[in-house]
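For reference, the structure discussed in these notes is given below.
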């Protein structure tokens, strides 16, 4: 599938998101959650902010293909 110039690409975003989740899981598995690791906390804050941004961008992209141009509301 060709990538639009300047547009977001799902593969690198998904790869980085999965990598960050794995790093978080490894960090929590070490028991480090019992102490404050400021570097890790900053990385997690950055990840969460980036994830929110990605979710908004991809929700808008998916909505472009819908009949009313909006993403459906969640059933949850």
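Residue numbers (the numbering used here): 14 to 89. Glycine residues also receive a C-beta, built at the ideal position from the N, C-alpha and C atoms.
Please report how far the alpha carbon of residue 59 lies from the alpha carbon of residue 40, in whole angstroms.
When rounded, the distance between both Cα atoms is 16 Å.
Are the segment 60–71 and the segment 23–40 in contact at 8 Å, needing three or more beta carbon pairs?
Touching, yes.
For the alpha helix (DSSP H) containing residue 59, list its first residue and its last residue.
It spans 51–76 - the alpha helix (DSSP H) in which residue 59 sits, taken as one unbroken run.
Going by C-alpha distance, which of 52, 56, 67, 43 is nearest residue 25?
It is 67 whose Cα lies nearest to the Cα of residue 25.
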